[in-house]
Amino acid sequence: MPLITTDQTDLIIFDCDGVLVDSEPLSNAVMAEHITRLGWAMKGHESIRLFKGKTMAQVHCAIEDRLGKPIDKKWTSAFHLDQEQRMRRDLTVVAGVNDLIARVQAAGLHSCVASQGSHEKMAISLGLTGLWDQFEGRIFSARDVANPKPAPDLFLHAAIQMNVSPTRCIVIEDSPTGIAGALAAKMRVIGYDPDESGVLAQGGIEIVSRMDAITIV
Numbered sequence: 001m002p003l004i005t006t007d008q009t010d011l012i013i014f015d016c017d018g019v020l021v022d023s024e025p026l027s028n029a030v031m032a033e034h035i036t037r038l039g040w041a042m043k044g045h046e047s048i049r050l051f052k053g054k055t056m057a058q059v060h061c062a063i064e065d066r067l068g069k070p071i072d073k074k075w076t077s078a079f080h081l082d083q084e085q086r087m088r089r090d091l092t093v094v095a096g097v098n099d100l101i102a103r104v105q106a107a108g109l110h111s112c113v114a115s116q117g118s119h120e121k122m123a124i125s126l127g128l129t130g131l132w133d134q135f136e137g138r139i140f141s142a143r144d145v146a147n148p149k150p151a152p153d154l155f156l157h158a159a160i161q162m163n164v165s166p167t168r169c170i171v172i173e174d175s176p177t178g179i180a181g182a183l184a185a186k187m188r189v190i191g192y193d194p195d196e197s198g199v200l201a202q203g204g205i206e207i208v209s210r211m212d213a214i215t216i217v
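In terms of full-length UniProt numbering, the sequence shown opens at residue 1 and continues consecutively.
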């Protein structure tokens, strides 16, 4: 059971998709549908396995490499539109997140969001789930830095903006890509794996399947 101590920690950095909001199944179901229409047959769970934790630019490159042709901008726009509609209909907060945020605040710790997603996407997902007000002004996107995860740039940028040393940060992540970036930033990482899939087992990090398994003292 991961233990966060206030004498060793100043900042909790949350990933967004899959950590704060339960968007991965929704987004990847839509992604799989749109990729299938391009000619690459795919299911939602396959999209999660291939693309979880990746930027849209990285996803585009993977699709273009597989199909040997560029993706039309109309395809990207159609995907984003369908993704937004699915989120507006079905998006929920990850179980236990509201309680964890409350406990972080009660302990006097700072918190922020560092996501591969765009600011526009996070404004929708965090807004729909009532989390925007919890993090407004402390939301950082991979588009803010030169290199997305798994580079450490985004996490280091978040620490700088929050005026906290990386050694005093804890990152909560749900993808191997994000975990690699946090470890590269020399930050402590807690992996969130609600399905207990084992895919996050790297670098000896602590892994939880429930947010209430994280203790703050």
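Heads up, the beta-carbon is just placed ideally off N, CA and C, and yes, glycines get one too.
| Query | Result |
| --- | --- |
| Rounded C-alpha distance that separates residue 93 from residue 20 | 6 Å |
| Straight-line Cα distance separating residue 72 from residue 168 | 43 Å |
| The region 88-106 / the region 151-168 touching (three or more Cβ pairs under 8 Å) | no |
| Local conformation of residue 191 per DSSP, three classes | strand |
| Beta-carbon gap between residue 148 and residue 55 smaller than 9 Å | yes |
| Beta-bridge partners of residue 21, as assigned by DSSP | 17 and 93 |
| Cβ pair count under 8 Å reaching 3, the region 69-85 against the region 129-137 | no |
| Stretch pair the region 46-64 + the region 15-33: three plus CB contacts closer than 8 Å | yes |
| CA nearest to the CA of residue 29, picked from 40, 17 and 46 | 46 |
| Sub-9 Å separation of residue 113 and residue 128 beta-carbons | no |
| C-beta contact flag for residue 165 and residue 200 at 9 Å | no |
| Closest residue to residue 78 among 42, 103, 32 and 98 (Cα-Cα distance) | 32 |
| Beta-carbon gap between residue 217 and residue 191 smaller than 9 Å | no |
| Neighbour-count burial assignment, residue 116, 16 or more Cβ in a 10 Å radius | buried |
| Under 9 Å between C-beta atoms of residue 152 and residue 181 | yes |
| From 16, 65, 48 and 118, residue whose alpha carbon lies closest to that of residue 39 | 65 |
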